[in-house]
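*Asks:* Residue numbers (the UniProt record's numbering): 1 to 561. Glycine residues also receive a C-beta, built at the ideal position from the N, C-alpha and C atoms. Treat the numbers as computed from the prediction; the structure is a model and nothing was measured.
1) Between 161, 477 and 51, which has its C-alpha nearest residue 109's C-alpha?
2) Could you check where the beta strand (DSSP E) with residue 160 kicks off and where it finishes?
3) Could you check whether residue 228 and residue 198 sit closer than 7 Å to each other, using their CB atoms as the reference points?
4) Might you give, ordered along the chain, the residues of its own chain that have their beta carbon closer than 6 Å to the beta carbon of residue 354, omitting 5 neighbours on each side?
5) Applying the criterion that 16 or more other CB atoms from any shown protein chain within 10 Å of the CB defines a buried residue, is residue 518 buried or exposed?
6) For residue 422 versus residue 506, is the C-beta spacing smaller than 7 Å?
7) Between residue 489 and residue 458, what straight-line distance do the alpha-carbon atoms span, to the nearest angstrom?
8) Is it buried or exposed, residue 168, if we count other Cβ atoms within 10 angstroms and call 16 or more buried?
9) Identify every residue that forms a DSSP beta bridge with residue 486.
10) Taking the straight line between their C-alpha atoms, what separation do you get for residue 533 and residue 522?
11) With burial defined as no fewer than 16 other Cβ atoms inside 10 Å of the residue's Cβ, what is the status of residue 538: buried or exposed?
12) Taking the C-alpha atoms as reference points, what is the distance between residue 343 and residue 323?
13) Give the straight-line distance between the Cα atoms of residue 524 and residue 516, rounded to the nearest whole angstrom.
14) Return the residue from the list 278, 375, 404 and 367 that minimises the CA-CA distance to residue 385.
15) Which term fits residue 501, buried or exposed, when burial requires 16 or more other beta carbons within 10 angstroms of its beta carbon?
16) I need the DSSP call for residue 321, collapsed to helix, strand or coil.
17) For residue 309 and residue 301, which I take to be in contact (beta-carbon distance under 8 Å), what is that distance rounded to the nearest angstrom?
18) Using CA coordinates, which residue listed in 69, 83, 126 and 162 is at the minimum distance from residue 98?
19) Which same chain residues, not among the five before or five after residue 540, have their C-beta less than 7 Å away from its C-beta?
20) Count Cβ pairs between the segment 256–266 and the segment 147–154 that sit closer than 8 Å; are there 3 or more?
21) In chain order, what are the residue ranges of uninterrupted beta strand (DSSP E) at least 3 long that sit wholly in the segment 224–274?
22) Considering only C-alpha positions, which residue in the set 240, 142 and 239 is nearest to residue 209?
23) Is it right to say residue 240 is buried, meaning 16 or more other beta carbons lie within 10 angstroms of its own, or is it exposed?
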């Protein structure tokens with residue numbers, strides 16, 4: 001996807017790329033909703049957020065002389081990055097910047113993210129200053145280490161927790177000492193919680209002096225270790241460690257019955273689980289994790305020994321279906337493709353789009369529109385939502401840009417024959433369908449004025465008998481003629497199926513097959529087209545039923561295309 005100044009247009013009707021694009025064409029460029037949006041080649045998009053610039057691996061902003069230091073620039077939607085030191089551009093495009101500490105390499109750094117659309121950029125990050133420790137820099141550091149615990153909620157007795165010591169200068173590789181209640185722990189950095197240390201203070205310390213540097217605050221402020229409990233405090237159904245309300249995915253997904261204390265911190269205790277779908281217990285689903293193969297609303301319970309079972313505080317509504325609809329999978333070069341991610345929602349979620357697994361920056365709308373397609377935009381596309389309580393993910397679907405139109409076929413939908421007086425529609429179908437494509441129909445050797453992909457045959461009679469041919473056109477690209485479809489109008493009525501089966505689950509049929517190989521209609525009904533129609537019905541009633549069949553067929557064809 002190449003960056004340009006904005007989606008080009010010639011009339012107001014072409015400026016419909018995203019919800020952020022106004023239907024206004026000014027100087028050949030589609031206008032954006034307001035100043036919060038920037039123009040991109042497919043419409044308008046939000047700017048990227050301000051990046052977060054930090055020391056790598058939770059270090060402090062100090063670095064020891066001669067040691068390697070690494071900085072990290074992060075912003076969602078960026079494909080590459082620009083780095084600056086003291087306002088001067090640094091030649092790197094990675095999200096990580098690495099150098100060896102010296103008086104000339106440390107200083108004030110900023111960065112910004114660049115999206116796959118090169119005009120979609122973030123603002124500059126806040127300044128991050130790297131200070132040198134040692135010869136040529138400061139010999140005393142006032143930065144204090146910080147101790148963290150991997151769990152702060154209560155745990156069961158004999159649960160093992162992990163301590164971490166962060167905010168240490170970059171390049172420091174000296175000893176780190178952990179203490180609990182003033183006593184050095186043996187199995188650093190792990191602590192088994194019991195009655196002697198639950199709720200007690202823990203600290204971490206680094207060596208001082210170290211490598212010609214003195215730390216004025218070598219010991220962290222204390223952190224309180226988790227307290228002990230003997231019962232399950234709460235239960236939640238989670239996915240990817242998140243409490244969700246709705247999940248839509250194209251295939252099976254794994255749910256977890258999460259507890260507080262977490263199952264990692266239950267020590268020698270054993271938990272048992274029960275899973276429910278739509279309020280009914282799922283047989284043999286007794287593990288902490290359950291692979292959901294069906295759509296439904298899932299909940300779970302967790303039980304500790306003989307204690308009462310605790311029910312999850314939330315339920316997750318799961319739909320297993322593919323979200324992504326693509327207007328054409330084999331569009332013609334220079335055309336337009338519209339990709340739609342699921343149904344319209346009212347909860348203002350932000351969508352993410354990827355092309356060959358790379359995020360398409362600035363695209364947060366439910367629809368992604370690609371105009372003036374080029375060959376290098378043949379790719380696999382995906383969409384999704386990862387919001388507070390919603391997770392949506394489509395499968396990866398390919399768009400292959402073509403230079404020729406695949407030979408079309410004429411479809412008759414679900415019609416098995418052309419019954420007299422029936423209402424029929426012929427379809428000119430090609431896998432190369434592209435938005436804006438027109439069609440040419442040749443009926444009994446004469447080119448028709450119809451340019452739609454649909455050719456209607458209402459109240460068909462023998463006058464409509466003959467050969468039908470179609471071809472597809474897009475700009476200056478024209479397909480070959482379709483194979484000939486011969487229309488021959490025959491007696492009305494539904495053809496008998498195998499074994500003369502005429503048992504339709506609808507009124508008007510006797511269930512018998514007549515001598516003319518047509519299903520016999522009940523009293524008060526007569527054969528019209530391919531169905532039994534009430535005698536009192538007007539031709540409009542028949543048309544409505546035929547339209548229903550056409551709509552159903554349309555849904556099937558969309559899936560195939």
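*Replies:* The relevant details are as follows:
1) Closest option to residue 109, judged by alpha-carbon separation, among 161, 477 and 51: 51.
2) 160–166 is the extent of the beta strand (DSSP E) around residue 160.
3) In this structure, residue 228 lies closer than 7 Å to residue 198 by Cβ.
4) Contacts found: 382.
5) That one is buried.
6) 7 Å or more divides the Cβ of residue 422 from the Cβ of residue 506.
7) Taking the straight line from one Cα to the other gives about 12 Å.
8) Buried is the call here.
9) 467, per the DSSP bridge assignment.
10) Here the alpha carbon of residue 533 sits roughly 10 Å from the alpha carbon of residue 522.
11) For residue 538, the pLDDT reaches just 49, beneath the cut-off of 50, and the residue's location in the model is therefore unreliable, although a value from the coordinates is still provided. Residue 538 is exposed by the Cβ-count criterion.
12) Straight-line Cα distance between these residues: approximately 8 Å.
13) In a straight line, the C-alpha of residue 524 is about 20 Å away from that of residue 516.
14) Residue 367 is the option with its Cα nearest to residue 385.
15) By the 10 Å Cβ count, residue 501 comes out exposed.
16) It is coil, neither helix nor strand.
17) Between residue 301 and residue 309 the Cβ distance is about 4 Å, and since that is below 8 Å, they are a contact.
18) Relative to the Cα of residue 98, the nearest Cα in the group 69, 83, 126 and 162 belongs to 69.
19) For residue 540, the predicted structure reports a pLDDT of 43, less than 50, and the residue's modelled location is therefore unreliable. A value from the coordinates is still provided. Exclusion of the five residues before and after residue 540 leaves no residue of its chain whose Cβ lies closer than 7 Å to its Cβ.
20) Yes, they touch.
21) Inside the segment 224–274, DSSP marks whole beta strand (DSSP E) runs of 3 or more residues at positions 234–239, 246–249 and 253–260, from first to last along the chain.
22) Out of 240, 142 and 239, 142 has the C-alpha closest to the C-alpha of residue 209.
23) Answer is exposed; the Cβ neighbour count stays below 16.
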